[in-house]
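Peer 1: If you use numbering that gives the first Met the number 0, the sequence shown corresponds to residues 0 to 379, in order.
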Amino acid sequence: MDFALTGEQELLLTTVRSFVNKECPREYIRMLDEREEYPVDLLKKMVDLGWVGLPFPEEYGGSGGNILDMILVLEELARGAFPAASALASCWMFAGFPIMIAGKEEQRKYYIPKLIRGELKFAFSLTEPNAGSDAAAISTRAEPKGDKFTINGTKMFCSSAHVADKILLVARTDKSVSAPKGTTIFLVDTKAPGLQMRRIPTLGRRFSGTFELVLEEVEVGAKDILGELNKGWPSLMQFLTVERICSAALSTGCAKAAVDDASQYARERYQFGRPISKFQVIQHKIVDMQIAVDSARMLTYRAAWLAKEGRKCTKEASMAKAAAAQAWMLASMEGLQIMGGYGYTMEYDMQRYFRDAKFASIGGGTAEIQRNIVARELGL
Numbered sequence: 000m001d002f003a004l005t006g007e008q009e010l011l012l013t014t015v016r017s018f019v020n021k022e023c024p025r026e027y028i029r030m031l032d033e034r035e036e037y038p039v040d041l042l043k044k045m046v047d048l049g050w051v052g053l054p055f056p057e058e059y060g061g062s063g064g065n066i067l068d069m070i071l072v073l074e075e076l077a078r079g080a081f082p083a084a085s086a087l088a089s090c091w092m093f094a095g096f097p098i099m100i101a102g103k104e105e106q107r108k109y110y111i112p113k114l115i116r117g118e119l120k121f122a123f124s125l126t127e128p129n130a131g132s133d134a135a136a137i138s139t140r141a142e143p144k145g146d147k148f149t150i151n152g153t154k155m156f157c158s159s160a161h162v163a164d165k166i167l168l169v170a171r172t173d174k175s176v177s178a179p180k181g182t183t184i185f186l187v188d189t190k191a192p193g194l195q196m197r198r199i200p201t202l203g204r205r206f207s208g209t210f211e212l213v214l215e216e217v218e219v220g221a222k223d224i225l226g227e228l229n230k231g232w233p234s235l236m237q238f239l240t241v242e243r244i245c246s247a248a249l250s251t252g253c254a255k256a257a258v259d260d261a262s263q264y265a266r267e268r269y270q271f272g273r274p275i276s277k278f279q280v281i282q283h284k285i286v287d288m289q290i291a292v293d294s295a296r297m298l299t300y301r302a303a304w305l306a307k308e309g310r311k312c313t314k315e316a317s318m319a320k321a322a323a324a325q326a327w328m329l330a331s332m333e334g335l336q337i338m339g340g341y342g343y344t345m346e347y348d349m350q351r352y353f354r355d356a357k358f359a360s361i362g363g364g365t366a367e368i369q370r371n372i373v374a375r376e377l378g379l
């Protein structure tokens, strides 16, 4: 088993580190959190670097990379600039891969190049007030109206909807069959008449913003159906697997940032005449944090490798997401404890790691749902 990265991957990671050092100072990342500001400028710079096109075929303007290249970039980027990593991941999770998986060829040819060039931004909307973990229970409906469809319903927790041009929105289109059959994915223009957005205040991930969407007689054309009518659910399950792998990479990188900060603080903080890093209780905390991070990384790499090879990775993706979310929460909680009163202040980043970490075990499928998926795959 070869754990070595290729020369191209090593060069890619060097470029990511250089980008973080040059473009993502801590003060700027803190400002995004404090002002609840989306990292538009950082995304534009990543577009210019060609990163958005990394995993997509060259025929669509991409670099011809793969999902393993993606998660390497996301992990390293999240370690130093979570808002940038999240924005980049959204381009892949909520736009590129759904369009590649579910879209028709003409949709791929139209949307993927625009995504890569930064001409279009996308958001994704599945969750509803009464359909969270039970995603198949969605009640938002799209009814045929001549050669168009009219969408009515309410969606919750649509990340970054305010900066998107299009929303990939999941709706029921056939009442005659039981869910999840009769489900369709639509490309909805964010400026469409009848679509209203309300920002929901959140504990963490404030740079991203999450929104309630209310749709009243929102019209879309047949051309706005992503893929086939009534056949959205199987495609949805495929790209949710990609989302879980990307989420695991983000969590792993953020957890490593917490380990880095806690370790540096422990080496510099003196009590009882020596650095607190010399106390065994502190050492054990940091070691446990590092074990959790490395375990999450290996699970994430395995899931990404299986996906790259075209193998089924449903179980592995859910394991990686659950483990990485747990590692991030552990690292941020223990990091706060190691830093004591300073960790509790808003002047250090550990509190932000802690606030952001909780999202990882909720968003994109809760930790409990990931365990349910693994149990099902184990035949339990």
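All residues carry an ideal CB built from backbone N, CA and C; glycine is no exception.
As the structure is a prediction and not an experimental result, all values here were calculated from the model.
1. What residues match up with residue 26 in a beta bridge as DSSP calls it?
2. Under 7 angstroms Cβ to Cβ from residue 100, same chain only, skipping five residues before and after it: list those, please.
3. Kindly list the residues whose CB is nearer than 8 angstroms to the CB of residue 337, restricted to its own chain and excluding five residues on each side of it in sequence; keep chain order.
4. To the nearest angstrom, how far is the alpha carbon of residue 249 from that of residue 70?
5. Could you give the C-beta distance for residue 329 and residue 291, rounded to a whole number, given that I count them as a contact under 8 angstroms?
6. Would you mind reading off the limits of the alpha helix (DSSP H) that contains residue 307?
7. Express the C-alpha separation of residue 232 and residue 186 in angstroms, rounding to a whole number.
8. Do you know offhand how far residue 251's Cα is from residue 148's?
9. Helix, strand or coil, according to DSSP, for residue 205 in the structure here?
10. Below 8 angstroms, can you find three or more Cβ-Cβ pairs linking the segment 47–65 to the segment 78–97?
11. I'd like the list of long-range same chain contacts for residue 74, defined as Cβ closer than 6 angstroms, with 5 residues on each side in sequence excluded.
12. Where do the N-terminal and C-terminal ends of the alpha helix (DSSP H) with residue 255 fall, by residue?
13. On the three-state DSSP scale, how would you describe residue 124?
14. Using only CA atoms, which one of 30, 121, 44 lies nearest to residue 404?
15. Run through DSSP, which three-state label would residue 376 get?
16. For residue 195, which beta-bridge partners are listed by DSSP?
Peer 2: The relevant details are as follows:
1. Note: residue 26 sits in no beta bridge, so no partner.
2. 234, 237, 238
3. 261, 264, 265, 275, 281, 284, 285
4. 8 angstroms
5. 5 angstroms
6. 279–307
7. Each residue's Cα considered, the two are about 15 angstroms apart.
8. Distance between the alpha carbons of residue 251 and residue 148 is about 41 angstroms.
9. DSSP places residue 205 outside both helix and strand once states are collapsed to three, so it counts as coil.
10. Touching, yes.
11. Excluding residues within five positions, the ones whose Cβ falls inside 6 angstroms are 248, 251, 252.
12. Run containing residue 255: 231–267, per the alpha helix (DSSP H) assignment.
13. Residue 124: strand per DSSP, three-state reduction.
14. Absent from the structure is residue 404, since the part of the chain shown begins at 0 and ends at 379.
15. helix
16. 213
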